[in-house]
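In this note's numbering, each number is its position in the sequence shown, counted from 1, plus 38.
Virtual Cβ for every residue (Gly too), placed ideally from N, Cα, C.
Notes follow the structure.
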Amino acid sequence: MKNDILNGIKNIVFDFGCVLVDLDRHKCIEALNAIGAHKISCYVDECKQADMFLDLELGKISVEEFCDEIRRRAPGCDASNEEIRYAWGELLQQIPVRRMRAVERLHKTHKVYMLSNSNSVHWDKAVEHFFPLSGHGPEYYFDKTFISYNMGMVKPDPRIFETLLQETGAVAEETLFVDDSLANCKAAEAFGIRTLHVTHGDEWLDILSPDDENSVGRESVTNHCHGAGSVATIGFFDGVHRGHRYLIDQVKEVAERHGLQSVVVTFDKHPREVLHSDYMPQMLSTLDEKVARIRATGVDRCEVLPFNEETASLSAFDFMRMVLKDRLGVEYLVIGYDNRFGHNRSEGFDDYVAFGKQIGIEVIRAKALVLNEVNVSSSVIRTFLSGGEVDLAAKCLGYRYALRGKVVGGVKEGRRMGFPTANIAPSSVRTMIPAPGVYVMTANVGDGKERPAMMNIGCRPTFDGETTTLEVHIIGYEGDLYGSEISVSFVKRLRSERKFASEQELMRQLQSDRQQVLDLLG
């Protein structure tokens, strides 16, 4: 199918929402509700905007006018423009790096464009926070971008396709349009443009992505085969800590010895998320962070398989036969010391060896990495983090544990005391939050610089707070970070959170905390 659909194609046009970027209507509604805009929730749609949302998408109104209209229609909402921008921006969740890597590879052989119904709030968020994670801005991936708010028209308006063909000089019959809307596809087909209708962002990867040793993101565990022999290991690899890297080094050694490719096989979701609906994962890394760290080990390939009900139903034998042997060409399987897989997880290493002999895979037991008489594992690191021992977690990880999240408005108590803080919304953090307390940190606001900082995780007991907040005081920084995404790394916990008798007593303690940060970080 891949060869057929790209046969004769010189131009590829990507939609944005649900094709490149993942959307979440419910998170957007939650964010609007949180700022008192409950009456606006009914307007939120992932695919087709209406009313003032459509006016913003068409460029008929400015962001400021859009915010004014939100406040007018939701009398209980007195949120600032930045808070409204953030809430509406929550419709966009992520652009997985693997998709942009696929676009980058396609761009080597085709002209690539983007044609999107979008607005300045969402596009600015993507440009500032999503594309940089892939290493480049949109101008690197696309020869030209066509966005509705700049064009004054939205798909499926036929004029938008007419404009695309005229401004690019593309021949319709040599152009493929990838979109999640049937109506948009039909409108494109009326001009002779070939179309690929998809239902979610990873569906097009196996269809359009060139066979590549670094390709990731498979829609099904049964639809891909590399053919070449390989040495593989399998696991979730949360955090890609020192124990994982020690295992991967062993895989690379075996691969080099036998002249085969080294492969890490992992999953897009934690298995317990699928097997137990009430499981709330405490992750050490996001999927994109995990894949980036795995690739940084120098392994030849990283295969990310979707963990779904189909995957969960496979026995260990069937997984080894159907996925590892038949689809990924595994000849040697290096098993972590505590790794179990398969439907009922009842089999162990000896069973895998027996299965391998039947299938044609030699199974090798890996050595565990032991530090201070402890086997390094993700669960051990989580235990350290839950106890606030971020320095011990860093020793096991091989790097400082970090959080990434969105900066939102706060009550400005810190600013009043001379300690302005960037308040990270806990709901925007996708990884585990360490124990409450005051921490020595470094902060990256997006400019590549690591700045000394101090962070309080807790409920602000001195001010009778009731909800957990993440407040970061970046020493010496005076910029406006509202609405942006920052990354903070944990160095050491200074103390536990406690209630002070007065603001003056708290201020004296904060001054002491700040001096300790400067003394430690220089």
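Three-state secondary structure assigned by DSSP to residue i
i	result
K149	strand
E128	coil
C340	strand
E509	strand
R552	helix
H167	helix
N377	coil
F184	strand
V278	coil
V408	strand
G394	helix
S154	strand
N346	coil
In DSSP terms, what residue i is bridged to
i	result
E400	Y370
N49	K149, T213
P490	T480
A270	V301, L371
H235	D217
A440	S527
D60	Q132
I99	According to DSSP, I99 bridges with nothing at all.
A460	V510
R533	V476
Counted within 10 angstroms of its Cβ, other Cβ atoms place residue i as buried (16 or more) or exposed
i	result
Y151	buried
F501	exposed
R546	exposed
K193	buried
S258	With a pLDDT of only 31 at S258, under 50, the local geometry of the prediction cannot be trusted, and no value is derived from it.
E291	exposed
D485	exposed
S351	exposed
E251	In this prediction, E251 has a pLDDT of 35, which is less than 50 and means its spatial position is unreliable; what the coordinates show is noted afterwards. Exposed is the call here.
D356	exposed
E327	buried
M39	Reliability fails at M39, whose pLDDT of 45 lies under 50, so the model's placement of it is uncertain and the value that follows must be treated cautiously. Flag for M39 reads exposed.
Q549	exposed
S186	buried
R110	exposed
Of the listed residues the options, nearest to residue i (C-alpha basis)
i	options	result
G394	T213, L220, V361	V361
N157	L92, S172, A354, G398	L92
V368	S300, S351, P344, P319	S300
F229	Q204, H235, W242, D244	Q204
Q320	L214, L220, M470, C340	M470
P464	I524, T304, R365, T480	I524
N222	L153, S247, R359	L153
E227	T237, E241, E212	E212
G239	I99, T459, L130	L130
F274	F168, S323, A72, V428	S323
For residue j and residue i, believed in contact at Cβ under 8 Å, the rounded distance
i	j	result
G517	V445	11 Å between Cβ atoms; not a contact.
G55	C115	G55 to C115, Cβ: 25 Å. No contact.
H308	V269	The pair is not a contact, with the Cβ atoms about 25 Å apart (cut-off 8 Å).
L285	G374	5 Å
V59	A164	6 Å
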